[in-house]
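For the protein sequence lines, the chains are Z and S, in the order given.
Read left to right, the first sequence gives residues 11 to 731 (the numbering used here).
Read left to right, the second sequence gives residues 11 to 731 (the numbering used here).
Yeah, the Cβ is synthetic: ideal placement off N, Cα and C, and Gly gets one too.
Number of protein chains: 2
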Amino acid sequence: MPAALKTIQMANNKDAIRKILDRAQADARKALTAPEARGICEAYGIAIPKEGVAKSAEEAGRLAVEIGFPVVIKIVSPQILHKTEAGCVIVGVMSAEQATRGYATIIGNARHYDAHAEILGVQVQQMLAGGQEVIIGAVTDPAFGKLVAFGLGGILVEVLKDITFRLAPASEEDAVSMLDGIAAAEILRGVRGGKPVDRTALASMIERVSSLVADFPEISEMDLNPVFASEHGATAADVRIVLDFNPVAARYRPSQELIVAQMNRIMKPDAVAVIGASPENGKIGNSVMKNLINGGYQGAVYPIHPSADVILGKKAYKSVKDVPGEIDVAVFAIPAKFVAKALIEVGEKKIAGAVLIPSGFAETGNVAGQTELVEIGRKYGVRLMGPNIYGFYYTPKNLCATFCTAYDVKGKAALSSQSGGIGMAIIGFSRSAKMGVSAIVGLGNKCDIDEDDLLTFFEQDDNTQIIAMHCEDLKDGRAFAEVAKRVSKKKPVVVLKAGRTSMGARAASSHTGALAGNDKIYEDVFKQSGVIRARSLRDLLEFARGIPVLPTPKGNNVIIITGAGGSGVLLSDACVDNGLALMAMPPDLDTAFRKFIPPFGAAGNPVDITGGEPPTTYQNTVRLGLEDPRIHALVLGYWHTIITPPMVFARLMVEVIMEMRARGIDKPIVASLAGDVEVEEAAEYLYQHGIPAYAYSTEIPVAVLGAKYRWARGAGFIPAV
Amino acid sequence: MPAALKTIQMANNKDAIRKILDRAQADARKALTAPEARGICEAYGIAIPKEGVAKSAEEAGRLAVEIGFPVVIKIVSPQILHKTEAGCVIVGVMSAEQATRGYATIIGNARHYDAHAEILGVQVQQMLAGGQEVIIGAVTDPAFGKLVAFGLGGILVEVLKDITFRLAPASEEDAVSMLDGIAAAEILRGVRGGKPVDRTALASMIERVSSLVADFPEISEMDLNPVFASEHGATAADVRIVLDFNPVAARYRPSQELIVAQMNRIMKPDAVAVIGASPENGKIGNSVMKNLINGGYQGAVYPIHPSADVILGKKAYKSVKDVPGEIDVAVFAIPAKFVAKALIEVGEKKIAGAVLIPSGFAETGNVAGQTELVEIGRKYGVRLMGPNIYGFYYTPKNLCATFCTAYDVKGKAALSSQSGGIGMAIIGFSRSAKMGVSAIVGLGNKCDIDEDDLLTFFEQDDNTQIIAMHCEDLKDGRAFAEVAKRVSKKKPVVVLKAGRTSMGARAASSHTGALAGNDKIYEDVFKQSGVIRARSLRDLLEFARGIPVLPTPKGNNVIIITGAGGSGVLLSDACVDNGLALMAMPPDLDTAFRKFIPPFGAAGNPVDITGGEPPTTYQNTVRLGLEDPRIHALVLGYWHTIITPPMVFARLMVEVIMEMRARGIDKPIVASLAGDVEVEEAAEYLYQHGIPAYAYSTEIPVAVLGAKYRWARGAGFIPAV
């Protein structure tokens, strides 16, 4: 059909749905009737059983042919409720003749059953059976809004919670990915002689449901259960639609341009005010001042204090409004009850952002106090960070706008945390592991600035190559997902979502008032948005450290080269765990590797060069692995021996890499070092030279490589495996 | 029935089975017919559908009543094969009268269908339907022998591989645990209005199947599929039995007494010979000599060398047979081809054990060479460690019988590894983490001494409190499980099984010729044997280090006390991940905690004392946690602040613990430290004083506590949760 016509029909279809919904709203109903739900499905091309009402035996036969066999035929009569008991249902009708005869039988039985019954005709309906029962549904999540859901039918799948979600509307690609997104995906491809289902039809139904709920937000829940999926199509046997005409108000979101402009002023300020600056050791306002000054910040610092003239050598002011020049950001170090008043002054002074260190707001039940701040911020266009935070660091400006310890190891990783404790763990780990950072940001109660604002800033911040975030909830999961989907194509985004479990969610709720939500939704939306999920704090930190060190892989073929066969086995397990594809070794490459390794070594993959080998064996095999264009990444397993001591190995590996880089070859390499304590120094040396390396662990280096691969696949650099 | 009578009946039943099996063997059959399989089930009390053949209408009615309704009745006639087509099957018979009438109908229809058919009667059979379809089976595994299996029926469960195994024969407790051992266990308890199944009947059927295959090893496979389990019992609708009359020969296993005697000589020798001792730096035989001497071993060391008189100051001999005194263990440092000859001399000298460092045996395809060694060892009663190993360490004797670096940090953890590389990782980690060890043992190809020999030794070794093992396979999984089940009741046994995945298994096979096997079987048997499974190398090492430090918990109630709310959330997630039970806080205890924490802190569990608190708040809350007898373990979340710096916190915690220990209170405590790098020193201090503590990680401390709990539950100190 021509596009114009299609648009008109879509509009008409929408009109039909609008009418149904308006009627329900007028009736103050929360659910649609079965015919209404059918009408909505028809309007959006969601296949439901074909049916019609026959007024004559001939019509019954004709209808049955039109619908296709088998059909079920049954009486339509307001008086006959127990149709089966009355002998007024015939299932499995397989021909026009059977339908014609069936019509007569049913009419006869109906008259016999109740001579006075009003008979409106005989319903002829497509009979669904066989194929695979699946469920397609839609829900409204407080954080993510409309989501489409897919799973197999049946109680077992419910018990095993094998269901997958995507943000609605879902793209065709999203919909197809859902079919593979359940643990029992194999069933849909046909197992034990079963026929594969029509994947196009199923994916199309998912897409339509997702568009429907996105187009009509008042549809709060929808359930197609069961949907019969066969090799010839998919049909929803039963449809349930729940309505909610009072949707939650959309969260305020400034334009991307405005976010960028304000976040740049906040993160890279030329002038900072400290409200509650104090000359007294141990006070938060004193620590903030010291961190700003000792951290090396070169912009203007204005202490704000009711009476002091000078604090730590800087001229103090009674109010931000008394400061002569422009101020970009104000750090609050005053008790909760004084914040609102000072914030109004910040607004009047046209300061871009307020860093609200004080606690005592929503996390302690003071929701009204927090709402008041949000309203002031909105009124004056001030963006609010916090409250209930440690502040933030932005190392390219030597800016430590925090009461915690100063931090100055510059690098390309930006981190954020919803919790102060986690922020301190980030600082300690970063310093200890020599992980340079561009920024560390505390988000706390996230009354305004949240992860999507940070992503929007870091996206355009040349000092940041990777963004790693700890969060207990997402206030606006949908906005986060939209921004993350865009940003993750350019820079890896890693998220540690705390409150995964029921107990964790309960703790999160009493910690930052976080609504931890259904973890499976987070899991699926993160994947849909290209976000790399960290399962633990250590993973978050190691990924932040390791991912930027590794070049982007150009393909999926991973090779393990190991001196320790035992490490090779564990590294292989770790590759499988992390979704890495161990390359099937081509015979010529196998032969090439064998030239370098002793006859009792094992080629194949892992390439086991054995433990007694001199440094040249590592050198030759790793060089071959880097030179051969069919290999895309290397996992090294080093075994500490007298013949090849740890630092000899490490220096040699760095030499090989440098040589290859000079020739334009740069592939991701990670290393697992087994040996005595000298391997720790070797690991650090390797890390500082571009090879994430770990002593006494086979799993962490592979997890880091796996995270890099997840990103490269999500961002479309290499295909999924 | 009286016990004596029961025994006679069992014997009779076994005779019946023996007859069936003998007949099959005489016929050279590999499978049983359906009636034979039924006969075997009947003999072992495995419920199959009740049935009988009626010769008259009255008998049909009587039989139907005896069997219970519904029944299905059908003709018994060699000539009538298509019974349904002939109208000779009636399903769903619900009364004696229907059965009586049905008899007549079937006989009539049969005569009508084929007047000449020989009619033997009418079969009346219990009709199975409804309830839950499950599968009970038995398999023969190369490592574990007979195993009984249980899972739900249906293709979906097969796809999801939701099946569980136990060694056969399975105890009643094992059988019951299988019902809860599948992911979909909830189904059996009745969901969505479904009735719960008869768990006793199901468990009993599992037990009987497991006894049957244990009693008759020639039954190599058995499949009851489906078994219909309802609230009233369980009946196997179909039975398949496969036979194998050529079982593999049982592995040679010395008596426990003999193992202990020989292993004590090997591990704690008074005299060691080094075959292939060398004065030349860089040679393995030189490294072994140096490690023995420099490691501080006080026993006699005899270098064996074809020509030297003295090596490293010790008188050398041409053969062990020339040594005047007794020798307990001989360390081999000669090429593979010379090993057999020297081993014969070792046998003739009545040396208890040979430590076979050389490689070049089964792992390179030289299976014959390895078999030759095994035969020599068996002939002379010499136990063989290896070949293809680094040797072993036993620190209480200052014994470093290895060519690797010497190691001397004494402690209570015994470790073993199948691979040399992993052995070196153990040494490096141990030294770095100050983890004292009693022994480190290389097992390599495990041609003789394997994990169950080591377990048997360490069980009675007072210098060992925990045993941690890395393995790529178990040569005799059954022996391991039997010994582990006994030993793990006294000392924790931790195992890292490499080759978990398909790729890992392939690598293991080319590394040590290991047959990695079905990982689910390893998983289930480890659990059945009380073994704590480590999922990664780091876990193995951290568990070995942390478990002996912790006292055994006296109950399941865990409390989190945290200064960082964010850590509290992650620690809660980690508790759920590790099967720990966060105690529901009783109101009086909640009140007691609240007395110590600021009003905006959160009591409940986690107890969130908030970050700004002085040391006394940690002190008071931790003391309360230790004093209250309802609390059994503490997880601490520390947040680095100026008010409570890391070492202040650490010293205070150790003080509190010491004070409590003096009062007889000793509970497991672990800690997660979030802060700047000073927390690393604090973590080490805490660890050295009995609190496993980790910087920048919420997951590792809880994993260590979880491992301790798994052991305490497996060993029966506390109930499962």
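Comparing the C-beta of Thr415 (chain Z) with each C-beta of chain S, is any distance below 8 Å? yes
Let me see if you follow: with CB-CB separation under 8 Å, is Arg250 (chain S) close to chain Z or not? no
For Ile18 (chain Z), decide whether its Cβ has a neighbour in chain S, counting only Cβ atoms nearer than 8 Å. Its pLDDT being 49, under 50, Ile18 (chain Z) is placed unreliably by the model, and nothing is read from it.
Taking a cut of 7 Å between CB atoms, which residues from the stretch 684-695 of chain Z lie near chain S? Ala684, Gly685, Asp686, Val687, Val689, Glu690
Selection of the stretch 413-440 of chain Z by Cβ proximity to chain S, strictly under 9 Å: Taken in chain order, the members of the stretch 413-440 of chain Z whose beta-carbon sits within less than 9 Å of a beta-carbon on chain S are Phe413, Cys414, Thr415, Tyr417, Ser427, Gln428, Ser429, Gly430, Gly431, Ile432, Gly433, Met434, Ala435, Ile436, Ile437, Gly438, Phe439.
Could you give the distance in angstroms between the alpha-carbon of Ile701 (chain S) and the alpha-carbon of Ile386 (chain Z)? 48 Å
Flag this pair as touching only if the stretch 698-712 of chain S and the stretch 545-558 of chain Z have three or more C-beta atom pairs under 8 Å; answer yes or no. yes
What number of angstroms, rounded off, separates the C-alpha of Gln142 (chain Z) from the C-alpha of Val559 (chain Z)? Here the alpha carbon of Gln142 (chain Z) sits roughly 47 Å from the alpha carbon of Val559 (chain Z).
Helix, strand or coil for Cys481 (chain S), going by three-state DSSP, please let me know. strand
Under 7 Å Cβ to Cβ from Ala416 (chain S), same chain only, skipping five residues before and after it: list those, please. Asn301, Asn304, Gly305, Cys410
Could you work out which residue in Z:Arg202, Z:Leu138, Z:Tyr262 is closest to Asn235 (chain Z) when comparing CA atoms only? Z:Leu138
Could you list the residues in the stretch 568-589 of chain S with a C-beta less than 9 Å from some C-beta on chain Z, going in chain order? Ile570, Thr572, Gly573, Ala574, Gly575, Gly576, Ser577, Gly578, Val579, Leu580, Leu581, Ser582, Asp583, Ala584, Cys585, Val586, Asp587
Cβ shell of Ile18 (chain S) (< 6 Å), same chain only, five flanking positions each side left out: Residue placement at Ile18 (chain S) cannot be trusted, given a pLDDT of 49 that sits under 50; the coordinates are not used to answer.
When you check each C-beta in the stretch 615-639 of chain S against every C-beta of chain A, which residues fall closer than 7 Å? The displayed structure is made up of protein chains Z and S, and chain A is not among them.
To which residues of the same chain is Ala180 (chain S) closer than 7 Å at the C-beta, ignoring the five residues directly before and after it? Val158, Ile216, Glu217, Ser220
Could you tell me if Pro502 (chain Z) is buried or exposed, where buried requires 16 or more neighbouring beta carbons within 10 angstroms of its beta carbon? buried
Beta-carbon of Ser288 (chain S) versus every beta-carbon of chain Z: anything under 8 Å? no
For the stretch 161-181 of chain Z, which residues have a beta carbon sitting closer than 9 Å to at least one beta carbon of chain S? Leu162, Gly164, Ile165, Leu166, Val167, Glu168, Val169, Leu170, Asp172
May I ask whether a heavy atom of the ligand PLP can be found less than 7 Å away from the beta carbon of Met434 (chain S)? What this structure holds is no ligand at all, so the ligand PLP is not there to describe.
Rounded to whole angstroms, what is the Cα-Cα separation between Phe348 (chain S) and Ala213 (chain S)? 55 Å
Listed from N- to C-terminal order along the chain, which residues in the stretch 358-383 of chain Z have their beta-carbon within a distance smaller than 8 Å of any beta-carbon of chain S? Ser369, Gly370, Glu373, Thr374
Would you say Glu385 (chain Z) lies against chain S (beta-carbon separation less than 8 Å)? Answer no: the Cβ-Cβ gap between Glu385 (chain Z) and chain S never drops below 8 Å.
Proximity below 8 Å, CB of Ala244 (chain S) to CB of Ala211 (chain S): yes
With a CB to CB cut of under 7 Å and the five nearest residues on each side skipped, what residues in its chain are close to Lys40 (chain Z)? Val252, Leu253
Three-state secondary structure assigned by DSSP to Pro656 (chain S): Helix, per DSSP.
So with Cβ pairs under 8 Å, would you call Trp721 (chain Z) a contact of chain S? no
Close beta carbons around Ile100 (chain Z), own chain, < 6 Å, minus the five adjacent residues each side: So the qualifying residues of the chain are Ile83, Gly112.
Closer than 7 Å by C-beta to Ala106 (chain S): which residues in its own chain qualify, once you throw out the five before and the five after it? Chain order, please. Closer than 7 Å at Cβ, skipping near neighbours: Gly71, Ala74, Val75.
Collapsed DSSP secondary structure at Ile728 (chain S) in the structure displayed: Coil.
Confirm, please, whether the CB-CB distance from Pro313 (chain S) to Met299 (chain S) is below 8 Å. yes
Identify the contact partners of Ala518 (chain Z) in chain S, using a Cβ-Cβ distance below 7 Å as the criterion. The answer, in chain order, is Val579.
Counting only runs that start and end within the stretch 575-631 of chain S, where is the beta strand (DSSP E) found for 3 or more residues in a row? none
Beta carbons nearer than 9 Å to chain Z: which residues of the stretch 530-562 of chain S have them? Cβ contacts with chain Z: Arg545, Ser546, Leu547, Arg548, Asp549, Leu551.
Alpha-carbon spacing of Arg263 (chain S) relative to Pro625 (chain Z), whole angstroms: 43 Å
Along chain S, which residues have their Cβ under 7 Å away from the Cβ of Glu241 (chain Z)? Ordered by position in chain S, no residue passes the 7 Å Cβ test against Glu241 (chain Z), which lies about 16 Å from the chain.
Are the C-beta of Tyr5 (chain Z) and some C-beta of chain S separated by less than 8 Å? Residue 5 (chain Z) lies beyond the stretch modelled for chain Z, which goes from 11 to 731, so this question has no answer here.
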